[in-house]
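The structure under discussion appears below in the form of structure tokens.
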Amino acid sequence: MNALFRIPGVPVIVRIAPSATLLADTDRLVQVARWLDAVDFPAVRLLPEIPQPLIIDETNHIVTFWRYLPQDDCRTPPRAYELAGPLRQLHALPTPEFGLPRWEPIREVRERLSDSSILPPGDHAWLRDSVHELDEQLGELAYPLPHRGGVIHGDAYIGNLLRGPAGEPVMCDLDSVCRGPAEWDLTPELVACIRYRRPVADYDLLCQLYGADIRAWSGWTVLRRLRELKVLTAVLPVLDSSPGLAEQVRLRLRSLREGVEAPWTPFRMTH
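Residue numbers for the sequence shown follow our numbering, beginning at 131 and rising by one.
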């Protein structure tokens, strides 16, 4: 997990990756950020005057430096429909010359499950079987949007949306940018309407402004299930750090296994 620090007195965020084994990923992140800057896409910016990434040999860490966007004075937090403009712009971009990885929807979930022994055996087995079934279903999907295989953000939800100096939406967390189906970028906020009870009207407006609504496509339920499993397994490495977190994971697992649309509490509110 990356650590973020703000340097006091200057508008700079320092991001520290925990291991030099992540150098290739960080190099790609720097390439993506510089490319998005060059095409004037509304995303967080690297500090241009510093060679990046910086490798700290003594501690085996990798450091990048970013411009700080103050959010404390924002009168209104970003809303789901404000993703529409950035996503339309991103999905219209040609693939950069340096190349982007292909979308690998199942890889992270499998890795988290293989590294985790904290779940009860029955839950772990159910998740493993669910991932196998989901992988087969994903392979059979026919994506309807003409964007197929173009640039996507990969984790497009309002938690990765900031406000710029003029209040405009700015996307952050560029680690997941890859080549994949645009439908995936339209999935997180739809799942949030179901699980976190976010306003459906905001998602309706997102679809209207973007120009497509994946709810009209039967395959969206497969992407919904993928999103639910991704956010569930994301906390497995730190599951024993908080009783509230563990209880929320149990609730989510129960709702998934029983096939009910029980409301979920965001993990950040369970500590």
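We put the beta carbon where it would ideally sit given N, CA and C, even for glycine. All values derive from a computational prediction rather than experimental measurement.
The three-state secondary structure of Pro299, taken from DSSP, is strand. Cys204 carries a coil assignment under DSSP once its states are collapsed to helix, strand and coil. For Glu298 and Gly349, the gap between their C-alpha atoms comes out near 32 Å.
Around the CB of Ile186, fewer than 16 other CB atoms lie within 10 Å, so the residue is classed as exposed. By the criterion of at least three beta-carbon pairs nearer than 8 Å, the region 213-230 is in contact with the region 161-179.
If you ignore the 5 residues before and after Ser385, its C-beta comes within less than 6 Å of the C-beta of Ala392, all in its own chain and listed in chain order.
Secondary structure note for Leu339: its alpha helix (DSSP H) is the uninterrupted segment 330-340. Residues of the same chain with a CB within less than 7 Å of the CB of Arg382, apart from the 5 flanking positions on each side, are Leu362, Trp394 in chain order.
Considering only Arg293, Ala214, Pro208, Leu243, the residue with the shortest C-alpha distance to Ala312 is Ala214.
Boundaries of the alpha helix (DSSP H) around Trp256: 251-269. Going by DSSP, Val281 is part of the beta strand (DSSP E) stretching over 280-282.
Contact between the region 265-284 and the region 309-323 is present, with at least three C-beta pairs closer than 8 Å. Per DSSP, the continuous beta strand (DSSP E) segment holding Trp196 begins and ends at 191-197. In this structure Leu159 is not in contact with Leu359, their Cβ atoms being roughly 24 Å apart against a cut-off of 8 Å. Comparing alpha-carbon positions, the option among Pro396, Gly389, Glu266 lying closest to Ile288 turns out to be Pro396. Burial of Leu217 is indicated by the presence of at least 16 other C-beta atoms within 10 angstroms of its C-beta.
If one requires a minimum length of 4 residues, the alpha helix (DSSP H) runs lying completely within the region 215-251 are 237-245, in chain order. Excluding its 5 nearest sequence neighbours in each direction, Ile248 has C-beta neighbours in its own chain below 8 Å: Leu366, Leu369, Asp370, listed in chain order. In this structure the region 261-275 does not lie against the region 193-202, because fewer than three pairs of beta carbons, one per stretch, are closer than 8 Å. From the listed residues Pro318, Leu268, Ala150, the smallest Cα separation to Glu234 is found for Leu268. One thing to note: Cys302 has its Cβ no nearer than 7 Å to the Cβ of Leu316.
For the pair Pro318 and Glu212, the Cα-to-Cα distance works out to about 14 Å. Rounded to the nearest angstrom, the gap between the Cα atoms of Gly374 and Arg205 is 30 Å. Contact between the region 336-350 and the region 252-266 is absent: fewer than three C-beta pairs spanning the two stretches fall below 8 Å. The beta carbon of Arg164 lies closer than 8 Å to those of Leu176 in the same chain, with the five residues before and after it left out.
The C-beta distance from Val261 to Leu199 rounds to 36 Å, too long to fall under 8 Å, and the pair is not in contact.
Relative to the Cα of Asp155, the nearest Cα in the group Leu134, Pro183, Val140 belongs to Pro183.
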